[in-house]
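Protein chains in written order, with the UniProt record's numbering: chain A, 1 to 209; chain F, 1 to 209; chain Y, 1 to 209; chain D, 1 to 209. Backbone N, C-alpha and C define an ideal beta-carbon position, used for all residues, glycine too. For clarity, every value in this text was computed on a predicted model and none was experimentally measured.
4 protein chains.
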Amino acid sequence: MTPAPPETRQGGRVRSEAARLAILEATASEFAARGYEHLTIEGIAAAAGVGKQTIYRWWRSKGDLVAEAVLEDRLLGERFHIPDTGDLRSDLESWLGAVFDMLAGPQGEGLLRSLIAAAADNADIGLRLRERIAGEGVAGGADDAASAESAEPSVTDRLRSAVTAGELPTRAPVAEIAELLVGAVILRALSRTGGDREAVARLVAAVVD
Amino acid sequence: MTPAPPETRQGGRVRSEAARLAILEATASEFAARGYEHLTIEGIAAAAGVGKQTIYRWWRSKGDLVAEAVLEDRLLGERFHIPDTGDLRSDLESWLGAVFDMLAGPQGEGLLRSLIAAAADNADIGLRLRERIAGEGVAGGADDAASAESAEPSVTDRLRSAVTAGELPTRAPVAEIAELLVGAVILRALSRTGGDREAVARLVAAVVD
Amino acid sequence: MTPAPPETRQGGRVRSEAARLAILEATASEFAARGYEHLTIEGIAAAAGVGKQTIYRWWRSKGDLVAEAVLEDRLLGERFHIPDTGDLRSDLESWLGAVFDMLAGPQGEGLLRSLIAAAADNADIGLRLRERIAGEGVAGGADDAASAESAEPSVTDRLRSAVTAGELPTRAPVAEIAELLVGAVILRALSRTGGDREAVARLVAAVVD
Amino acid sequence: MTPAPPETRQGGRVRSEAARLAILEATASEFAARGYEHLTIEGIAAAAGVGKQTIYRWWRSKGDLVAEAVLEDRLLGERFHIPDTGDLRSDLESWLGAVFDMLAGPQGEGLLRSLIAAAADNADIGLRLRERIAGEGVAGGADDAASAESAEPSVTDRLRSAVTAGELPTRAPVAEIAELLVGAVILRALSRTGGDREAVARLVAAVVD
DNA sequence: GTGTAACCGAGACGGTACGTCCTGTCTTAGG
DNA sequence: CCTAAGACAGGACGTACCGTCTCGGTTACAC
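Right, dumping it as structure tokens:
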């Protein structure tokens, strides 16, 4: 497969990778420290040791910048672990409990809400947010092939294996079940409603009979 | 001896209801016009013909102000209609389809995302957002009694009647089913994923078997 | 005499005289320190402990600001002394020599050139610059009456007294003589041409026969 | 004393005359269009179709660049015509009137003030400005020999011929008279004071009897 | 011929300052 | 004592240029 022909550039200094990385690094750390609302381009530029114009040259808005940081796994890098004990219900409860525990913790408190605010600005962030929690994006792509083979299985992977194992009917709407659970997580994050053991059990029961 | 006799002493001007209403009105229209992010106190004050201090005297933040506007039903005033044909599945599909149609429309496009951004700031907005769509808040209160008697039934009402009618098992987690569906709506709003007929059917199928 | 009717102001905080003075003070000191070209609004605001908007609210440009500082005698406050020995020629030579000595000095070096640059921007500065050196503005006003009575006579005053004393013909163009001499000072400031004793003598000779 | 041997330059492209001319051309037209204050190196480079570095390689500052453009007669190219009718006074009045007319015109309005601002930055510009108007620099040099023979006589030339013709005394300070008149022009340009016929007459009268 | 060194256009870089907008506080005059 | 008006210190916005630093590409002299 031949690579795409290079853009017709006539001279000019090339983009500094060091600056790009420093900016994304700074964006991630400022985001974690202050949240999306109180994130400032000036603060990021200062933290990255970069001129403001270098940011505006490559990103059109705060939202685009955060989106790229999220896409590069600088925020929300890890998926949540889901076990595979053979009992789908208890596995989902473990996973959902872990997610709610993270939300209840000091770090997760604002982080998810900030990501939600960012997603309200920028579509890419919304898509990625969903993918990171559920383990599957809207449209399958090269990344999904890679993630399907990764050591750490996602909720969606677990649901698919449940179909194979006969725990769920063959035509069960796997992607939608994951979507509903992630949606519930987001809704509870927005309303600051924690999830105790009973709530988790009821949510899981609602989607897996 | 003070010159002012007690009886002529002014007790102080009372809060102007006209100003309060104008501010909430202006908040709602500015919110609809510009979204939560680009809402400004100065803009609201100017649109309401009011001094900034009058806003700061009674509300502590932009979030509080929007929350009160939402709570007074100036935004998101109507619940979404859900029919009762005796077939829960098709009734839920009708309702969910109507919600997604609203989101796809020009008005709903940004409105829900702005409300989500507002909810990320302010817990009350998140709770109210959930209640407005699903028809039930987290904790039952006086309002629920009123809404139960209102002419327009909510999704939660419909689910409860399904339990009574035997369409759902007696111990079905009604509130959580509504929560999951509302969460899915919010997640799709964030990721700009529309809901076609098949997607709606699958989401409903996932929660009502 | 009744005062002019007050502007129809309805409420609003009144302009802070402290801020106004601090700004003019800072303008003068920054001007002296850096010159007109390298004067910055941000620098003035910082030095005055004032927000930038407070400057932009009352002055439209750097030129206007410097103009007001000059008009308030914060720069170029003193006129140059001219003696009255009865010999006009030697008196003018004393005065002109003093002006050139000032220019040759460390302070005067850049100050006049900066004022010239400022005057190229702003008409008021040009007028005031002329008045400060020559002792007379273009159009006589209330200020001139005051200055005519001031203890320190200006070049123009000295020329007028020369007319009275018969040193100059009755119809001698007094204002124009002063103008020519001030113009020569400015021209030499621009071309960094100092004025030695002979040059001073020749300039004076050219205007007083 | 032998000068240091020239560096052994081996190879290397020679300076592009086309680029040099395009830069000076662009400098002149941008200067005329925007004035000295709003002249930018980037604007000149773009207008000349040249990289910024090509400018910085050969000129140290905006002032140097403008100075060279002025020295090459790209600005202020023509001297002002002075007739020789045998009547010095009326000849000077013609000349001075023409200069003031130029200043009053749309082109001259800002041009001289911009040159003055440039001169405040750069000594060469000040010297050249004086020479261009009066027809003589401070120190006689090779250029003066050339100008003395040029077809168009300068004010200084006219004054010198007046000495020869006996209109002025032998020891009249010719250079200083020109200097005073040029200075008055600059002063009036700075203070936006036009010169009507009477003012011109009085200025001339002040220096020639 | 062929290096090679200095030039060229282009344009990204770290910065500084611009002039605007908005924040939350304060100070007026007036009901 | 509330209200409309609006000035205040502060801070961030997004833009324009500064002067420097690469880039790939082009001469033109020295070998």
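CB contact check: residue 256/Y to chain D, cutoff 8 Å:
Not covered by the structure: residue 256/Y. The range shown for chain Y is 1 to 209.
Next item on the list: Compare the C-beta of PRO106/D against all C-beta atoms of chain Y and say whether one is closer than 8 Å.
Entry: As a working mapping, residue 106/D is identified with position 106 in the fourth sequence. Chain Y contact via Cβ: absent.
In chain order, what residues of the segment 86-107 of chain F put their CB closer than 8 Å to some CB of chain A? Here the close residues number zero.
Amino acids of chain Y, ordered along the chain, whose beta-carbon sits closer than 9 Å to that of SER114/D
As a first step, residue 114/D is located in the fourth sequence; it is residue number 114 there, counting from the start. Those within 9 Å of SER114/D in chain Y are ALA120.
Delimiting residues of the alpha helix (DSSP H) encompassing TRP58/D: The residue you call residue 58/D lines up with position 58 of the fourth sequence. Counting along the chain, the alpha helix (DSSP H) containing TRP58/D begins and ends at 52-58.
| field | Sequence-distant residues of the same chain with beta carbon closer than 6 Å to ALA98/D, five excluded per side | value | Walking along the fourth sequence from the start, residue 98/D turns up at place 98. Here the set comprises PHE80.
- Task: Measure the C-alpha to C-alpha separation of ASP144/Y and GLU179/D and round it to an integer number of angstroms.
- Result: Along the third sequence, one-based indexing puts residue 144/Y at 144. Along the fourth sequence, one-based indexing puts residue 179/D at 179. Note on ASP144/Y: pLDDT 47, under 50, position unreliable in the model; no value is reported.
query = Looking only at its own chain, which residues have a Cβ that is under 8 Å from the Cβ of GLY63/A, when we skip the five neighbours before and after it?
reply = Position 63 of the first sequence holds residue 63/A. Closer than 8 Å at Cβ, skipping near neighbours: ALA118, ASP121, ASN122 and ILE125.
Which whole-angstrom value is the C-beta distance of ALA22/A and GLY43/A, which I expect to be below 8 Å? What you label residue 22/A is simply residue 22 of the first sequence in a count that begins at 1. What you label residue 43/A is simply residue 43 of the first sequence in a count that begins at 1. Their Cβ separation, rounded to whole angstroms, is 13 Å, which puts ALA22/A and GLY43/A out of contact at 8 Å.
Note to self: Quick check on the burial criterion: 16 or more other C-beta atoms within 10 angstroms. Buried or exposed for THR164/D?
What the structure shows: In the fourth sequence, the residue the question calls residue 164/D occupies position 164. Looking at its Cβ environment, which holds fewer than 16 other Cβ atoms inside 10 Å, THR164/D is exposed.
C-alpha distance - THR40/A paired with GLU109/Y, whole-angstrom precision
Translated into positions along the first sequence, residue 40/A becomes position 40. Translated into positions along the third sequence, residue 109/Y becomes position 109. One C-alpha to the other measures close to 44 Å.
#### Entry: Residues within the segment 151-175 of chain Y neighbouring chain D, beta-carbon criterion of under 7 Å
Residues PRO173.
Whole angstroms are fine: how far does the CA of VAL174/F sit from the CA of LEU92/A?
The residue given as residue 92/A occupies position 92 in the first sequence. The residue given as residue 174/F occupies position 174 in the second sequence. Rounded to the nearest angstrom, the gap between the Cα atoms of LEU92/A and VAL174/F is 19 Å.
Quick check: LEU88/Y and ALA32/Y, are their CB atoms within less than 8 Å of each other? Here the question's residue 88/Y lines up with position 88 in the third sequence. Here the question's residue 32/Y lines up with position 32 in the third sequence. Against a cut-off of 8 Å, the Cβ pair of ALA32/Y and LEU88/Y comes out as no contact.
For VAL208/D, the three-state DSSP class (helix, strand or coil): Taking the first residue of the fourth sequence as position 1, residue 208/D is located at position 208. Reduced to three states, the DSSP call for VAL208/D is coil.
Taking the straight line between their C-alpha atoms, what separation do you get for ALA67/A and ALA26/A?
For the purposes of this step, residue 67/A is identified with residue 67 of the first sequence, where counting begins at 1. For the purposes of this step, residue 26/A is identified with residue 26 of the first sequence, where counting begins at 1. Distance between the alpha carbons of ALA67/A and ALA26/A is about 13 Å.
* **Option in TYR56/F, LEU111/F and LEU96/F with minimal Cα separation from residue 210/F** => Limits of chain F in this structure are 1 at one end and 209 at the other, which puts residue 210/F out of reach.
Practice prompt. Indicate whether at least one CB of chain Y lies closer than 8 Å to the CB of GLY11/D.
Written response: The count along the fourth sequence starts at 1 and reaches residue 11/D at position 11. Interface with chain Y (8 Å Cβ-Cβ cutoff): GLY11/D is excluded.
DSSP three-state label for THR27/A, please. Translated into the one-based positions of the first sequence, residue 27/A becomes position 27. Judged by DSSP in its simplified three-state form, THR27/A adopts helix.
- Ignore the nearest five residues each way along the sequence and tell me which others in TRP59/Y's own chain have a CB closer than 6 Å to its CB. For the purposes of this step, residue 59/Y is taken as residue 59 along the third sequence, with counting starting at 1. These residues qualify, in order along the chain: LEU65.
Can you have a look at SER90/F and say buried or exposed, based on whether 16 or more other CB atoms are within 10 angstroms of its CB? Locating residue 90/F in the second sequence gives position 90, where the first residue counts as 1. Burial state of SER90/F is exposed, judged by a 10 Å Cβ sphere holding fewer than 16 other Cβ atoms.
Quick check: the Cα distance between GLU198/D and TYR56/A, rounded to an integer number of angstroms? The residue given as residue 198/D occupies position 198 in the fourth sequence. The residue given as residue 56/A occupies position 56 in the first sequence. If I take the Cα positions, the gap works out to 59 Å.
For GLY12/F, which residues in the same chain have their Cβ closer than 7 Å to its Cβ, ignoring the five residues on either side in sequence? On the second sequence, position 12 is the one that residue 12/F refers to. Counting only Cβ-Cβ distances below 7 Å, and skipping sequence neighbours, we find nothing.
Look at ASP84/D and ARG132/D and say whether their C-beta atoms are less than 8 Å apart. Reading the fourth sequence from its first residue, position 84 is the one you call residue 84/D. Reading the fourth sequence from its first residue, position 132 is the one you call residue 132/D. By the CB criterion at 8 Å, ASP84/D and ARG132/D fall outside the cutoff.
- Just how far apart, CA to CA, sit ALA104/A and SER16/A? Along the first sequence, one-based indexing puts residue 104/A at 104. Along the first sequence, one-based indexing puts residue 16/A at 16. Spanning the two alpha carbons is a distance of roughly 39 Å.
| Cross-chain neighbours of ILE186/A in chain F, by beta carbon under 8 Å | Your numbering for residue 186/A matches position 186 in the first sequence. GLY183, ILE186, LEU187 and LEU190, listed in chain order.
For THR85/F, the first and last residue of its enclosing alpha helix (DSSP H): In the second sequence, counting from the first residue as 1, residue 85/F sits at position 85. THR85/F -> no alpha helix (DSSP H), and no H or E assigned at all.
Quick one: which chain Y residues come within Cβ less than 7 Å of ALA205/D? Here residue 205/D is taken as the residue at index 205 of the fourth sequence, counted from 1. Result: PRO173.
Cutoff 8 Å; reference ARG74/Y; Cβ partners in own chain excluding five residues on either side:
Counting from one through the third sequence, the residue named residue 74/Y turns up at place 74. Answer for ARG74/Y: LEU24, GLU25, THR27 and ALA28, listed in chain order.
* Asked: Where SER154/Y and VAL14/Y are concerned, what is the direct C-alpha to C-alpha distance, given to the nearest angstrom?
  -> The count along the third sequence starts at 1 and reaches residue 154/Y at position 154. The count along the third sequence starts at 1 and reaches residue 14/Y at position 14. Looking at the two C-alpha atoms, the distance is approximately 39 Å.
**Asked** From GLY86/F, VAL70/F, GLN53/F and GLU37/F, pick the residue whose C-alpha is nearest to that of GLY166/F; which is it?
**Response** In the second sequence, the residue the question calls residue 166/F occupies position 166. Closest option to GLY166/F, Cα to Cα, is GLY86/F.
query = At a Cβ threshold of 8 Å, is ALA69/D touching chain Y?
reply = One-based indexing of the fourth sequence puts residue 69/D at position 69. For ALA69/D, the closest Cβ of chain Y is not nearer than 8 Å.
Own chain partners of ILE186/Y with C-beta closer than 7 Å, once the 5 adjacent residues on each side are dropped = Counted from its first residue, the third sequence places residue 186/Y at position 186. The beta carbon of ILE186/Y lies closer than 7 Å to those of ILE116 in the same chain, with the five residues before and after it left out.
**Prompt:** How many angstroms separate the CA atom of LEU71/F from the CA atom of LEU190/A?
**Reply:** The residue you call residue 71/F lines up with position 71 of the second sequence. The residue you call residue 190/A lines up with position 190 of the first sequence. If I take the Cα positions, the gap works out to 16 Å.
Who are the Cβ neighbours of THR156/F in its own chain at under 6 Å, not counting the five residues just before and after it?
Here residue 156/F refers to the residue found at position 156 when the second sequence is read from its first residue. Answer for THR156/F: ALA134, GLY135, GLU136 and ALA178, listed in chain order.
Proximity below 8 Å, CB of LEU203/A to CB of GLU176/F
Within the first sequence, numbered from 1, the residue matching residue 203/A stands at position 203. Within the second sequence, numbered from 1, the residue matching residue 176/F stands at position 176. Their beta carbons are under 8 Å apart, which means LEU203/A touches GLU176/F by this criterion.
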